[in-house]
Amino acid sequence: NIDVDMIVQSASAVPEKNDITFTCQKADMADAVGVLETLKPDMGFSRVDMEANVAKVSVVGAGMLGNPGIAAGMFGALAAKNINLIIISTSEISISCLISRDQVEIAVNAVHDHFFPEQA
């Protein structure tokens, strides 16, 4: 009963393998790692890594994927503040980025100021 979010599959440094990354609540991390470790022999993956000091920043609204200016604006605002994007996840209604937790306030302000300059 662990809720997962931001599921991303990407190419691995190991040929012909893929990395799968997901987020879950910090309170569920130890349980998630434990479950994955028990599945490792049967599923054949090589390791489980976890990172606790991250935060998710999202923009939410209808038609996100149909408007490429939204993603470009978000990524540009974060890049202007030198914020590294660990993973990116999109859906029809949201664009989310996983970043270092110590940059979350800067990131939220940068994205807000980009989309709502009259309130900056």
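Under the working numbering, read the sequence shown as residues 3 to 122, first letter to last.
A virtual CB, placed ideally from N, CA and C, is assigned to each residue, including glycine.
Just so you know, these numbers come straight off a predicted model, no measurement behind them.
- When rounded, the separation of the alpha-carbon atoms in S98 and I90 is 6 Å.
- Excluding its 5 nearest sequence neighbours in each direction, V110 has C-beta neighbours in its own chain below 8 Å: V59, listed in chain order.
- With respect to the 8 Å criterion, M66 and E94 are classified as neighbours on the basis of their beta carbons.
- Looking at the DSSP output, L100 sits in a beta bridge with K58, I89.
- Between the alpha carbons of G68 and S96 lies a distance of about 11 Å.
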